[in-house]
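Student: The opening residue of the sequence shown carries number 1 in full-length UniProt numbering; numbering runs sequentially from there. Before I ask anything, here is the structure I am working with.
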Amino acid sequence: MDMLFVDLPPVTLALCLMVALLAGIIKGMVGFAMPMVMVSGLGSIVGAEWALAGLILPTVLTNLWQSLRQGRAAAWASVKRFRVFLICGGITLLISAQLVRVLPAHVLLLMIGVPVVIFALIQLFGIKVKLPEDGHHGVEAGVGSFAGFIGGMSGIWGPPTVMYLTAINTPKQDQIRIQGVIYGLGAVMLLGAHIGSGVMRAETLPFSIALLVPALAGTWLGFKVQDRIDQHAFKKATLVVLMIAGLNLIRRGMMG
């Protein structure tokens, strides 16, 4: 273990594991926000690139779990329904992932923090954009492309995805499953993209593997308590925490 985490003191690793556990709990309860919580929390402990590498494997497996909770048939139906979103997002994700090693760290922090804060503020103020359920493939392609673009660089594609699903009045249970499908496929592509970019490499892979256990445990706990809490109040509290974390990333990014 010491060889695997030679650059991470025990206290630092313990803090990272706690962030992964918290991210898993929130993920299990509300169906999203794991990348935002992990990249915000880990980015304040180990830096943006390691935070991005660390969240990849936990995001892949927890979203696979979430997407299959209602069975493979339902998950496949979601893939077909949102194929335009997935294709456009996948293309821009693969392209933008290659920019991670080129962009300065403070720019990456800003690109992560700003979407988190905007999303949190929009949700906290109850701003909703209404779209018809069908007949808007152009909008779907645009939102998917934007989600993939910021996702490739930051590991965060949840905000535009959640906003889009909310705008087309997706039922709660369906939305949670669809989010799992979209985020899961995106996370698989992110893994492949960042093997190519060098973010996921021999030094960072063990870190991402180590975060799997607390992330999965947290997700299990989140699923268990999902029906026992006031979802609306908890989501608001979560958004406040995310906004604070996002503002912290912006502060660090502006300090250069």
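Built from N, CA and C at the ideal position, the CB exists for glycine as well. All values derive from a computational prediction rather than experimental measurement.
Have a look at Gly24, Leu8, Val19 and flag the residue whose alpha-carbon is nearest the alpha-carbon of Val225.
Tutor: Looking up residue 225 in the sequence shown gives position 225. Nearest of Gly24, Leu8, Val19 to Val225, Cα basis: Gly24.
Student: Residue ranges of each alpha helix (DSSP H) run of no fewer than 4 residues wholly in the stretch 33-101, ordered along the chain?
Tutor: You should have 34-43, 48-67, 72-81, 83-97.
Student: Verify whether the separation of the beta carbon atoms of Leu191 and Gly151 is less than 8 Å.
Tutor: As a working mapping, residue 191 is identified with position 191 in the sequence shown. As a working mapping, residue 151 is identified with position 151 in the sequence shown. Contact flag unset, no.
Student: With a threshold of 8 Å on Cβ separation, who are the neighbours of Ile91 within its own chain once the five nearest residues in sequence on each side are excluded?
Tutor: For the purposes of this step, residue 91 is identified with residue 91 of the sequence shown, where counting begins at 1. Hits under 8 Å: Ser145, Gly148.
Student: Within a Cβ cutoff of 7 Å, which residues of the same chain sit near Pro214, ignoring the five residues on either side of it in sequence?
Tutor: Counted from its first residue, the sequence shown places residue 214 at position 214. Same-chain partners within the cutoff: Leu17, Ala20, Leu21, Gly24.
Student: Round the Cβ separation of Ile112 and Ile182 to the nearest angstrom and send it over; I've been treating them as touching at under 8 Å.
Tutor: Working through the sequence shown from its first residue, we reach residue 112 at position 112. Working through the sequence shown from its first residue, we reach residue 182 at position 182. That belief does not hold up - the Cβ atoms of Ile112 and Ile182 are roughly 19 Å apart, past 8 Å.
Student: With a floor of 4 residues, list each alpha helix (DSSP H) that falls wholly inside the stretch 158-185, ordered by position along the chain.
Tutor: If we require 4 residues or more, the alpha helix (DSSP H) runs fully inside the stretch 158-185 come out as 158-167.
Student: On a Cα-Cα basis, can you pick out the residue from Met254, Gly246, Leu99 that is closest to Gly43?
Tutor: Taking the first residue of the sequence shown as position 1, residue 43 is located at position 43. If we check each option's Cα against that of Gly43, Gly246 comes out closest.
Student: For Phe207 and Leu110, what's the separation of their Cα atoms in angstroms?
Tutor: Residue mapping note: residue 207 aligns to position 207 of the sequence shown, counting from 1. Residue mapping note: residue 110 aligns to position 110 of the sequence shown, counting from 1. Rounded to whole angstroms, Phe207 to Leu110 spans 24 Å at the Cα level.
Student: Here's the rule I'm using: 16 or more other beta-carbon atoms within 10 Å means buried, otherwise exposed. How should Arg69 be labelled?
Tutor: Against the sequence shown, residue 69 aligns to sequence position 69. It counts as exposed.
Student: How about Pro115 and Val143: do their beta carbons lie closer than 8 Å?
Tutor: The residue given as residue 115 occupies position 115 in the sequence shown. The residue given as residue 143 occupies position 143 in the sequence shown. In this structure, Val143 does not lie closer than 8 Å to Pro115 by Cβ.
Student: Does Asp230 come out as helix, strand or coil in the three-state DSSP assignment?
Tutor: Position 230 of the sequence shown holds residue 230. Of the three classes helix, strand and coil, the one that applies to Asp230 here is coil, per DSSP.
Student: Go through its chain and collect everything with a Cβ distance to Asn63's Cβ below 7 Å, but skip five positions before and after it.
Tutor: Position 63 of the sequence shown, counted from the start, is the residue given in the question as residue 63. Counting only Cβ-Cβ distances below 7 Å, and skipping sequence neighbours, we find Gly180, Tyr183, Gly184, Ala187.
Student: Counting beta carbon pairs with one atom in the stretch 119-129 and one in the stretch 235-245, are three or more of them shorter than 8 Å?
Tutor: They touch, by the three-pair rule.
Student: Consult DSSP for Phe223 and reduce its assignment to one of helix, strand or coil.
Tutor: Walking along the sequence shown from the start, residue 223 turns up at place 223. DSSP places Phe223 in helix when its eight states are reduced to three.
Student: Could you check whether Ser96 and Arg177 sit closer than 8 Å to each other, using their CB atoms as the reference points?
Tutor: Counting from 1 along the sequence shown, the entry for residue 177 is found at position 177. Counting from 1 along the sequence shown, the entry for residue 96 is found at position 96. For Arg177 and Ser96, no; Cβs fall outside 8 Å.
Student: Indicate the three-state DSSP secondary structure (helix, strand or coil) for Gly203 in the structure shown.
Tutor: Position 203 of the sequence shown, counted from the first residue, corresponds to residue 203. Checking the displayed sequence, the identity of residue 203 turns out to be Glu instead of Gly. Looking at Glu203 - three-state DSSP - the assignment turns out to be coil, as it is neither helix nor strand.
Student: Of all the options Thr12, Lys27, Thr59, Val117, which has the alpha carbon lying nearest to the alpha carbon of Phe223?
Tutor: In the sequence shown, counting from the first residue as 1, residue 223 sits at position 223. Closest by alpha carbon: Lys27.
Student: Can you tell me whether DSSP reads Phe125 as helix, strand or coil?
Tutor: Position 125 of the sequence shown, counted from the start, is the residue given in the question as residue 125. Coil, per DSSP.
Student: Can the beta-carbon of Ala53 be found less than 8 Å from the beta-carbon of Thr204?
Tutor: Position 53 of the sequence shown, counted from the first residue, corresponds to residue 53. Position 204 of the sequence shown, counted from the first residue, corresponds to residue 204. The answer is yes: Cβ separation under 8 Å.
Student: Within the same chain, show all residues whose beta-carbon is closer than 8 Å to that of Asp7, passing over the 5 residues directly before and after it, in chain order.
Tutor: Within the sequence shown, residue 7 is the residue found at index 7, counting from 1. Taken in chain order, the residues that qualify are Glu203.
Student: Check whether the Cβ atoms of Gly138 and Phe32 sit closer than 8 Å, and answer yes or no.
Tutor: Taking the sequence shown and counting its residues from 1, the one referred to as residue 138 is at position 138. Taking the sequence shown and counting its residues from 1, the one referred to as residue 32 is at position 32. Against a cut-off of 8 Å, the Cβ pair of Phe32 and Gly138 comes out as no contact.
Student: How about Leu55 and Val30: are their beta carbons less than 8 Å apart?
Tutor: As a position in the sequence shown, residue 55 is number 55, starting the count at 1. As a position in the sequence shown, residue 30 is number 30, starting the count at 1. No, they are not a contact pair.
Student: Mark Val60 as exposed unless 16 or more other C-beta atoms lie within 10 angstroms of its C-beta, in which case mark it buried.
Tutor: Here residue 60 corresponds to residue number 60 of the sequence shown, with the count starting at 1. So Val60 counts as buried.
Student: If we call anything under 8 Å between Cβ atoms a contact, is residue 258 one with Thr12?
Tutor: Outside the shown range of the chain, which is 1 to 256, sits residue 258, and nothing can be said about it.
Student: Can you give the Cα-Cα distance for Leu165 and Lys172, rounded to whole angstroms?
Tutor: By 1-based counting over the sequence shown, the position of residue 165 is 165. By 1-based counting over the sequence shown, the position of residue 172 is 172. Their Cα atoms are separated by approximately 10 Å.
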